[in-house]
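Numbering (our numbering), first residue to last: 24 to 411.
What follows is a set of notes on a single structure, which appears directly below.
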Amino acid sequence: MSDYIPYGRQDINQEDIDAVIEVLRSDWITQGPAIERFEQAVANYCGAKYAVAVSSATAALHIACLATDLEQGDILWTSPNTFVASANCGLYCGAKVDFVDINPNTYNLSVNELESKLAEAEKQGCLPKILIPVHFAGQSCEMEQIAALSQRYGFKIIEDASHAIGGSYQGQPIGSCQFSDMAVFSFHPVKIITTGEGGMVLTNQEELYQRLIRLRSHGITRNPDLMQGESQGFWYYQQLELGFNYRMTDIQAALGSSQLQRLDKFVECRRLIAQRYNQLLQDLPLMLPWQHPDSESSWHLYVIRLKLDKINKTHRQIFEELRSTGVGVNLHYIPVHIQPYYQKLGFQLGDFPKVEQYYEEAITIPLYYGLNEESQDKVVIPLRESLT
């Protein structure tokens, strides 16, 4: 469909193409200097000490969990309003996974629900070892309060900031790890910047950084200071633990570094598009995205919630009507706990009512850099017609 408007898409310019070509013509297309340059650039942008580039945000979440020694017998909590990777990473490590219901205003993990659940878990002797708050749609969770709870209850924090590079919290860039042990970004094509596929872990803790570096590459080190015994020569390496092949290529890193130069431009454009949606949709039977005063979203997604009691159609009817007009709406997310795999683990419908209610009403409408006013109007007009 030539007039199809996707919910998200990448923006690749000639500078991006030239950066990739330069690497293709160089001596290194993987495990070379472009990766370290990209890592340092992202760390500098976010104000973090260290960054480790990997093959995907899923890989980033996995090694972040491993770096904190998550293992069988441990517990990880996260939001049910996320992609399954935010929970799966705990299962990869043999841990148990549980969820904390959402704040119905921000669609992020609810601090009130978290505090209540922690108090009960302490009584039962089953506190989580790791909490993964997910910065849904690019808006930060309430990290200062979450960090205070981590101090009281002793859990580690890994921010799933897959949606949120370019956003800020309390005036600091998301990814600074001011209130967390680690933060994870995604560079999938629909995200704010892309490397094709790819992800990154940021941290301010050197010990975590060294483990992350090893875990992304088979658990191997070439650093003589970390070896058991002396190095046997330039060729020598040691495997210190069980790691994975989660490396990013220099080709991807070069694209990422080029994209990063336009990050602020991308985010500013997304914010203007979101502001215009707010104006165009304010009189419709919808809940528009609410922004916490402590947070500046990077606007990865623009999610509306239908006021179904004021609309003479079902959620699915409206979704399909928009799709039939070439508007590529989507739904973020199907709550993780109602997936068949998680139901086999004992979760069931009704466990987390706020996210389930959200799922019955939510629709993601197109938002991406390059969505001009004409295309935005092509989203709004059929939405208005469907709702009125």
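Where a beta carbon is used, it is the ideal one built from N, C-alpha and C, also for glycine.
Following the DSSP letters along the chain, one finds S254 in no beta strand (DSSP E), marked with neither H nor E. When DSSP states are grouped into helix, strand and coil, P196 belongs to the strand group. Within the region 323–358, the runs of beta strand (DSSP E) at least 3 residues long that lie entirely inside it are, in chain order, 325–329.
For a cut-off of 8 Å, the C-beta gap from S102 to V75 is around 23 Å, too long to register as a contact.
From the listed residues Y68, R407, A83, E408, the smallest Cα separation to R239 is found for A83. R60 is the residue among R60, Y27, G31 whose C-alpha sits nearest the C-alpha of T272.
Selection G373, P247, N268 evaluated against Q261 yields P247 as nearest (Cα-Cα). Per DSSP, E182 is one residue of the beta strand (DSSP E) stretching across 179–183. According to the DSSP assignment, S398 belongs to the alpha helix (DSSP H) that extends over 396–410.
Cβ contact annotation for C116 (same chain, cutoff 7 Å, sequence separation greater than five): C88, L89, L93, E94, in chain order.
Remark: C-beta atoms of A206 and S321 do not approach each other more closely than 9 Å.
Between the region 315–332 and the region 249–258, the count of Cβ pairs shorter than 8 Å is below three; the stretches do not touch.
At the C-beta level, R328 and A385 come within 9 Å of one another. Note that the C-beta distance between G161 and G190 is below 9 Å. For K330, the CB contacts under 6 Å within the same chain, skipping 5 residues up- and downstream, are P308 in chain order. Annotated as proximal: I155 and I181, with beta-carbon spacing under 9 Å.
The alpha-carbon separation between V290 and K146 amounts to approximately 44 Å. Distances from the alpha-carbon of A170 to those of I153, V350, Y382 put I153 closest.
Under the criterion of beta carbons closer than 8 Å, P151 and L99 qualify as touching, at roughly 6 Å. Less than 9 Å separates the beta-carbon of V350 from that of L406. Every beta strand (DSSP E) of 3 residues or more that sits fully in the region 63–149 is shown, in chain order, as 73–77, 98–101, 119–122. When C-alpha distances from G266 are compared across I236, E408, P127, Y259, the shortest belongs to I236. When C-alpha distances from F159 are compared across S133, G177, N36, Y364, the shortest belongs to S133. Relative to F106, the option among T217, Y356, Q380, Y364 whose CA is nearest is Y356. Remark: C-beta atoms of P358 and N104 approach each other more closely than 9 Å. The Cβ neighbour count for P196, taken over all protein chains shown within 10 Å, is at least 16; the residue is labelled buried.
The DSSP-derived three-state label of M205 is strand. Per DSSP, reduced to three states, the secondary structure at S318 is strand. The beta-carbon separation of N135 and V157, rounded to 17 Å, does not stay under the 8 Å limit for a contact. If the five residues before and after A110 are omitted, its C-beta is found closer than 7 Å to the C-beta atoms of T101, V120, V359, all from its own chain and listed in chain order.
Within the same chain, Cβ atoms closer than 6 Å to the Cβ of R234 are found at A90, the five residues on either side in sequence being excluded.
Around the Cβ of Y30, a 10 Å sphere holds 16 or more other Cβ atoms; the residue is buried.
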